[in-house]
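Colleague:
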Amino acid sequence: MKSLTKRSLALMGGALIVTAGWLGVRQARGSDHADTPQIAAAPGTDLTDVFVFPSPTNSNNVVLAMCVSPLIPSGGTRAFDPDVLYQFKIDNTGDNVEDLVIQARFEGVGTDQKVFISGPVVPPRTGTMSEATTPYATSGVFNGTFTPTSGMQVFAGVREDPFFFDLEQFFTILPDRATPITGTAVPLADANKPKATTWRAAGSAKDFLAGYNVLSIVVELPKSALKSSSGKIAVWCTTSK
């Protein structure tokens with residue numbers, strides 16, 4: 017289905033937390049890529065982006081997508097962490113507490129991983145504590161699309177990183193930051209390389225993430241499954257060891 021393609025993810029830009037009405041989207045922009053040595057050492061827990069958008073092929077459906085495990089070189093391979101619980105959390109009442117969760121778990125290593133999905137279901141716990149729920153009997157495979165339950169389609173695997181970021185210019189504006197590759201701080205600007213105060217002009221930015229991939233979990237399902245009486249939902253994602 018088109019909603020699970022690399023292009024559809026790339027079109028969304030970077031959205032970390034999204035509140036979506038069925039007729040429009042209000043989004044908070046942000047992204048994280050190995051911002052600390054600790055998170056860089058555990059890429060399976062590193063959430064980079066969250067996306068919510070209407071299905072391009074079915075007006076009754078909505079697509080939820082999370083990206084994790086950044087900075088995979090083009091042509092490289094990396095699997096999901098089987099010790100991590102990946103969750104979409106959905107608030108459909110406006111109180112900023114999850115009313116439903118969709119959970120993804122993985123079994124095995126490498127490209128032979130199996131994918132297990134549960135939800136949308138009322139979570140056993142809310143807030144900072146998480147508990148796995150019983151997955152559907154139908155499982156999927158890494159880099160494949162499958163239907164765990166009627167009306168839902170899921171993809172879990174490698175996609176091109178959809179986030180555009182001019183890291184070089186960012187470090188000239190805010191130096192003394194750890195790079196996402198090495199974890200080593202960039203030296204403070206000096207007289208030979210003064211700090212910048214703005215981003216580059218449109219069309220001249222350099223996409224640091226070009227050529228890098230992420231792992232994506234993409235779920236398409238009916239809007240009615242999210243049980244919002246107001247027509248609005250708030251969505252965020254978590255990774256839990």
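Mapping the sequence shown onto the working numbering, position 180 (from 1) lands on 196, and the numbers just tick up by one.
Just so you know, even glycine gets a beta-carbon here, dropped at the ideal spot from N, CA and C.
In whole angstroms, what separates the C-alpha of residue 135 from that of residue 213?
Modeller: Distance between the alpha carbons of residue 135 and residue 213: 46 Å.
Colleague: Less than 9 Å separating the beta-carbons of residue 76 and residue 242?
Modeller: Their beta carbons are not under 9 Å apart, which means residue 76 does not touch residue 242 by this criterion.
Colleague: With three or more beta-carbon pairs closer than 8 Å as the criterion, would you say the segment 226-239 touches the segment 72-86?
Modeller: Enough Cβ pairs lie closer than 8 Å, so yes.
Colleague: Are the CB atoms of residue 230 and residue 105 within a distance shorter than 9 Å?
Modeller: Cβ distance not < 9 Å, so residue 105 and residue 230 don't count as in contact.
Colleague: Between residue 139 and residue 117, which are expected to be in contact by the criterion C-beta below 8 Å, what is the C-beta distance as a whole number of angstroms?
Modeller: 4 Å between Cβ atoms; contact.
Colleague: Among 160, 223 and 61, which residue has its Cα nearest to the Cα of residue 130?
Modeller: Of 160, 223 and 61, the residue nearest in Cα terms is 160.
Colleague: Skipping 5 residues on each side, what residues in its chain have a beta carbon closer than 7 Å to that of residue 141?
Modeller: Excluding residues within five positions, the ones whose Cβ falls inside 7 Å are 147.
Colleague: Which residue comes first and which comes last in the beta strand (DSSP E) that contains residue 171?
Modeller: Where residue 171 is concerned, the enclosing beta strand (DSSP E) stretches over 169-176.
Colleague: Going by the beta-carbon positions, is the gap between residue 170 and residue 221 smaller than 9 Å?
Modeller: Not a contact, by the Cβ cut-off of 9 Å.
Colleague: Can you tell me whether residue 240 is buried or exposed, with buried defined as 16 or more other CB within 10 angstroms of its CB?
Modeller: By the neighbour-count rule (16 or more Cβ atoms within 10 Å), residue 240 is not buried but exposed.
Colleague: On the three-state DSSP scale, how would you describe residue 246?
Modeller: DSSP places residue 246 in coil when its eight states are reduced to three.
Colleague: Helix or strand or just coil, what does DSSP make of residue 62?
Modeller: Coil, per DSSP.
Colleague: Apply the 10 Å Cβ neighbour rule to residue 255 and answer buried if 16 or more other Cβ atoms are within range, or exposed otherwise.
Modeller: With 16 or more Cβ atoms within 10 Å of its Cβ, residue 255 is classed as buried.
Colleague: Among 73, 68 and 88, which one has its Cα closest to the Cα of residue 62?
Modeller: Comparing Cα-Cα distances from residue 62 to each of 73, 68 and 88, the minimum goes to 88.
Colleague: Give a yes or no on whether the C-beta atoms belonging to residue 224 and residue 181 are separated by under 9 Å.
Modeller: In contact: residue 224 and residue 181 (Cβ atoms closer than 9 Å).
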